Amino acid sequence: AQSVTQLDSQVPVFEEAPVELRCNYSSSVSVYLFWYVQYPNQGLQLLLKYLSGSTLVKGINGFEAEFNKSQTSFHLRKPSVHISDTAEYFCAIGTSYDKVIFGPGTSLSVIP
Amino acid sequence: EADIYQTPRYLVIGTGKKITLECSQTMGHDKMYWYQQDPGMELHLIHYSYGVNSTEKGDLSSESTVSRIRTEHFPLTLESARPSHTSQYLCASKGDFTGELFFGEGSRLTVL
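Below, the structure written as structure tokens:
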């Protein structure tokens, strides 16, 4: 069975400060990794994805994530956050392009 | 830009009513999904479909039903709504080659 853990349920950070949102996963087979963002009262939008190749993945809105196979992690980072980054962030894994399993989410609050 | 639409966005109804949440996509994707999400909570897969006339139950048991008569349309029905059905319902479809899920904006259901 596969699972996704997001260790921080809430992350407050001051505007223009860096942020890291942590994601760890468990799977007995190779996985594909995703980060999604959900703004209030909206659906989810893909931030970035890792399918293969370079372990450092760049996404939209200045976010990037690094796949670490030995630590089974896929942490999301941004060097300088904006107020508009306040949202819920979900890490997810897929194993066969069929089901996608989501983590519980991390609520990022950017403080002016 | 993703082309997946959900209606209604918001619905408030009384106990015992029958409701149908509509989901349509114009991307020609075979795979479609329904997730249930309570406020501030993770997403739970309740139904999925691999194509026309294919429907399967997801990981979270749900009293709702789905149908897939056309590729672009994946409606969810509750025959008799109860307050425990109050939640947000997110519809998604998946691209065959990228594994990425495309989400609608969600339908927020409140049963009084």
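Order-wise, the sequence lines are chains R and D. Sequential numbering of the first sequence, starting at -3, is according to the working numbering. Sequential numbering of the second sequence, starting at 50, is according to the working numbering. The C-beta atom is built at its ideal place from N, Cα and C for all residues, glycine as well. Model, not experiment: these values are computed from the prediction.
Residue-level contact check: G100 (chain D) does not touch chain R, since none of the beta carbons of chain R fall below 8 Å from its beta carbon. Pairing G77 (chain D) with H96 (chain D), the inter-Cα distance amounts to about 19 Å. The beta-carbon distance between E16 (chain R) and H71 (chain R), rounded to whole angstroms, is 6 Å. This is short enough to meet the 8 Å contact definition. T56 (chain D) has its alpha-carbon roughly 15 Å from the corresponding atom of T75 (chain D). Straight-line spacing of the CA atoms in S50 (chain R) and G144 (chain D) works out to 22 Å. Cβ-Cβ distances below 6 Å link F30 (chain R) to K45 and A88 in the same chain, with the five nearest sequence neighbours on each side left out; the list follows chain order. Ranked by how close their Cα comes to the Cα of E71 (chain D), the residues D:V160, D:E154 and D:H134 have D:E154 in first place. Among the residues of chain R, none has a CB under 7 Å from the CB of G65 (chain D); the nearest is roughly 27 Å distant. Interface annotation, L3 (chain R): not in contact with chain D, CB-CB separation never under 8 Å.
Counting every other CB atom within 10 Å of its CB across the protein chains shown gives G58 (chain R) a total below 16, marking it as exposed. Chain R places no beta carbon closer than 8 Å to that of E71 (chain D), leaving this residue out of the contacts.
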